[in-house]
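Data block below; observations after.
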Amino acid sequence: MKADKAKVTRLLKTARGQIDGLLKMVEEDRYCVDVSNQLMAAQAILQKVNNEIIHAHLRNCVKEGFSEGKEEEKIEEIVKLIDKLSK
């Protein structure tokens, strides 16, 4: 993985903290809207992590693949990823 590991790790730990908070909120039978807001916050952080990883992949792994003559393989990889992201 070529992404900034410190940044990714920090964000994932933040998301883990939010998920732990969500579990506690569910156990405490907290208000639905509050739980939903917390869920959206955790999802936003996970999306940010995914974006960081994808950007690093494009800047490094795909660029490297193109220089090694693996253009079609890397393009197909990105097309499949875009398909997953658009579902």
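Each residue of the sequence shown is one higher than the one before, counting from 285 in the numbering used here. We put the CB at the ideal spot given by N, CA and C, even for glycine. Being a predicted model, the structure only gives us computed values, none of them experimental.
Item                                                                                : Value
DSSP three-state assignment for E312, whether helix, strand or coil                 : coil
N- and C-terminal bounds of the alpha helix (DSSP H) containing G349                : 347-351
Given L342 as reference, the closest of E355, L330, D304 once Cα atoms are compared : E355
Per-residue DSSP class, three states only, for K371                                 : coil
Simplified DSSP state of K286, which is helix, strand or coil                       : coil
Rounded Cβ spacing between I329 and T293 (contact assumed at less than 8 Å)         : About 12 Å; that fails the 8 Å criterion.
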